[in-house]
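**Q** In my numbering, the protein residues as written are 1377 to 1546. Heads up, the beta-carbon is just placed ideally off N, CA and C, and yes, glycines get one too. What follows is a structure written as structure tokens; I'll ask about it next.
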């Protein structure tokens, strides 16, 4: 990661490419992809096969045995319940400063609730998700969820997240 802080552009580009490749193959990203598959009802039980040992002691697949599998949508059910439970009440804030109250009301609205819903749902499926602040066309601060599978985190020597970058090569 120290190479990412270099002054030489070629060193930074090379280090960034290798770090992104390493991040894409990481265990956490593979597990996140599994969570998404399960959320979309693509359970591992559908890949089970039936085997038997024949008279000669050879392990063979029984292609004619009934192998009916019924995947249960329990994971999406609990993710959706968790999301609805956590966000059943909108974000609330209290302040005696009326000017601050009006300012906060501009940002904590229904659009922010949608961002929170995407954040909770995505992090429940994948284990982690990112939100970033940006300005929109009216030069107003707004928030947006970044898909954690397409984000690359930059950490310091203490393994603390310093910044994150969108992965442009996915």
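(1) Can you tell me the Cα-Cα spacing of residue 1396 and residue 1528, whole angstroms?
(2) Got a sec, what are the start and stop residues for the beta strand (DSSP E) residue 1436 sits in?
(3) Can you tell me which of the three DSSP states residue 1451 falls into?
(4) Indicate whether residue 1445 and residue 1426 have their beta-carbon atoms separated by less than 8 Å.
(5) Are the beta-carbon atoms belonging to residue 1521 and residue 1505 less than 8 Å from one another?
(6) Could you work out which residue in 1455, 1487, 1431 is closest to residue 1411 when comparing CA atoms only?
(7) Given this structure, state the Cα-to-Cα distance separating residue 1407 from residue 1502, to the nearest angstrom.
(8) Which term fits residue 1546, buried or exposed, when burial requires 16 or more other beta carbons within 10 angstroms of its beta carbon?
(9) Would residue 1462 be called buried (16 or more neighbouring beta carbons within 10 Å of its own) or exposed?
(10) State the start and end residues of the unbroken alpha helix (DSSP H) segment that holds residue 1415.
**A** Checking against the coordinates, here is how it stands:
(1) 6 Å
(2) 1435-1437
(3) helix
(4) no
(5) Yes.
(6) Residue 1455 is the option with its Cα nearest to residue 1411.
(7) 7 Å
(8) Low local confidence applies: a pLDDT of 43 at residue 1546 is under 50, so the model's placement there is unreliable, and no value is given.
(9) exposed
(10) 1403-1415
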